[in-house]
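To start, the structure itself, in structure tokens.
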Amino acid sequence: MEKEHQIFGIRAIIEAIQAGKDVDKVFVQKDTQGDLMRDLMKVMKRNNINFSYVPVEKLNRLTPNNHQGAVATISPISFHDLETLVEQVMESGKTPLFLILDQLSDARNFGAIIRTAECTGVDGIIVQKQGSAPVNGDTVKTSAGAVFNVPICKVDHIKDAIFHLQGSGVKTIAATEKTEDTIYDVSFTEPLAIIMGSEDRGVNPSVLKIVDEKVKLPMFGSISSLNVSVACGAFLYEAVRQRR
Numbered sequence: 629m630e631k632e633h634q635i636f637g638i639r640a641i642i643e644a645i646q647a648g649k650d651v652d653k654v655f656v657q658k659d660t661q662g663d664l665m666r667d668l669m670k671v672m673k674r675n676n677i678n679f680s681y682v683p684v685e686k687l688n689r690l691t692p693n694n695h696q697g698a699v700a701t702i703s704p705i706s707f708h709d710l711e712t713l714v715e716q717v718m719e720s721g722k723t724p725l726f727l728i729l730d731q732l733s734d735a736r737n738f739g740a741i742i743r744t745a746e747c748t749g750v751d752g753i754i755v756q757k758q759g760s761a762p763v764n765g766d767t768v769k770t771s772a773g774a775v776f777n778v779p780i781c782k783v784d785h786i787k788d789a790i791f792h793l794q795g796s797g798v799k800t801i802a803a804t805e806k807t808e809d810t811i812y813d814v815s816f817t818e819p820l821a822i823i824m825g826s827e828d829r830g831v832n833p834s835v836l837k838i839v840d841e842k843v844k845l846p847m848f849g850s851i852s853s854l855n856v857s858v859a860c861g862a863f864l865y866e867a868v869r870q871r872r
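For the sequence shown, position 192 (counting from the first letter as 1) is numbered 820 according to this note's numbering, and the numbering increases by one without interruption.
Here is the structure:
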């Protein structure tokens with residue numbers, strides 16, 4: 629993790645959140661008590677900040693400084709507003725292509741997906757504030773810098789983002805094994821948002837209920853799933869193929 633994208637110390641993190649900084653994630657030491665820590669928890673919950681409890685050894689590895697039981701990562705990018713981005717893309721005259729990542733948690737997978745998204749002309753990537761991979765040094769590195777070229781939106785709830793896209797005339801397609809249709813059976817040529825799930829659970833069942841189409845990649849081997857960044861690449865390049 630790049631040190632310039634870190635804040636350590638409880639009071640400093642509270643002030644950063646209240647000042648509207650793009651705090652990506654806060655690592656909180658397990659079993660830390662005290663009034664200041666309670667204040668931090670309140671501020672994080674009020675502002676929907678992604679946080680996780682970690683052992684003190686993790687915090688000591690992140691910073692040699694006096695962290696007081698909390699270290700925050702600041703995103704090296706600015707996030708976009710979903711409604712504004714959708715409006716801009718719809719007005720641009722091109723056929724929109726959005727990517728929704730439902731609870732993807734690995735920063736390197738995230739970076740690899742951003743890199744492919746940039747290469748395939750994706751107009752925006754949508755992630756949920758809670759439970760999503762951070763945009764950190766690993767993300768920047770594995771994206772080969774593409775993270776600075778593709779707009780990324782953070783939303784409170786993936787389902788609300790899907791409803792907004794559908795209301796704007798964008799078809800939503802989820803990648804899931806729970807279907808008979810493959811990517812070669814459906815159209816990717818209209819305004820489209822592709823939804824990829826987390827590494828271990830796939831797309832959330834509640835999300836699957838509201839999407840327009842569910843499709844899968846054909847599998848011929850004994851291992852029944854691909855790495856999510858590889859699967860995402862196959863989906864995006866099918867969109868490229870159909871749109872040429």
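All residues carry an ideal CB built from backbone N, CA and C; glycine is no exception. Computed from a prediction, not measured in an experiment: that's the story for all the values here.
Query	Result
Is the Cβ-Cβ distance between Gln-657 and Val-684 less than 8 Å?	yes
On the DSSP letters alone, give me the boundaries of the alpha helix (DSSP H) that Tyr-865 sits inside.	856-871
Run the CB neighbour count on Ile-838, radius 10 Å, all protein chains shown included, and call it buried at 16 or more, exposed below.	exposed
Less than 8 Å between the C-beta atoms of Ile-811 and Ile-780, yes or no?	no
Whose C-beta lies closer than 8 Å to the C-beta of Thr-804 among residues of the same chain, with five residues either side of it excluded?	Gly-825, Gly-830, Val-831, Leu-836, Lys-842, Val-843 and Lys-844
What did DSSP end up calling His-708 once you bin it into helix, strand or coil?	strand
Can you have a look at Pro-762 and say buried or exposed, based on whether 16 or more other CB atoms are within 10 angstroms of its CB?	buried
Could you please give me the residues that DSSP links to Phe-848 through a beta bridge?	In the DSSP output, where bridge partners are listed per residue, Phe-848 has none listed.
What would DSSP say about Lys-631, mapped onto helix, strand or coil?	Note that Lys-631 scores 49 on pLDDT, short of 50, meaning its location in the model is unreliable; the coordinates nonetheless yield the value given after this. Residue state, collapsed to three classes: helix.
Do the CB positions of Val-755 and Lys-782 come within less than 8 Å of each other?	yes
Rounded to the nearest angstrom, what separates Met-718 and Leu-668 at their Cα positions?	39 Å
Can you tell me which of the three DSSP states Ala-772 falls into?	coil
Assign Lys-631 to one of two classes, buried (16 or more other C-beta atoms within 10 Å of its C-beta) or exposed (fewer than that).	With a pLDDT of only 49 at Lys-631, under 50, the local geometry of the prediction cannot be trusted, and no value is derived from it.
Can you tell me whether DSSP reads Gln-731 as helix, strand or coil?	coil
Going by beta carbon distance, what residues of the same chain come within less than 6 Å of Cys-747, once the five residues before and after it are set aside?	none
Let me know if Gln-661 comes out buried or exposed under the rule of 16 or more other beta-carbons within 10 Å of its beta-carbon.	exposed
If you count every other CB in all the chains shown that lies within 10 Å of the CB of Glu-866, and 16 or more means buried, which is it?	buried
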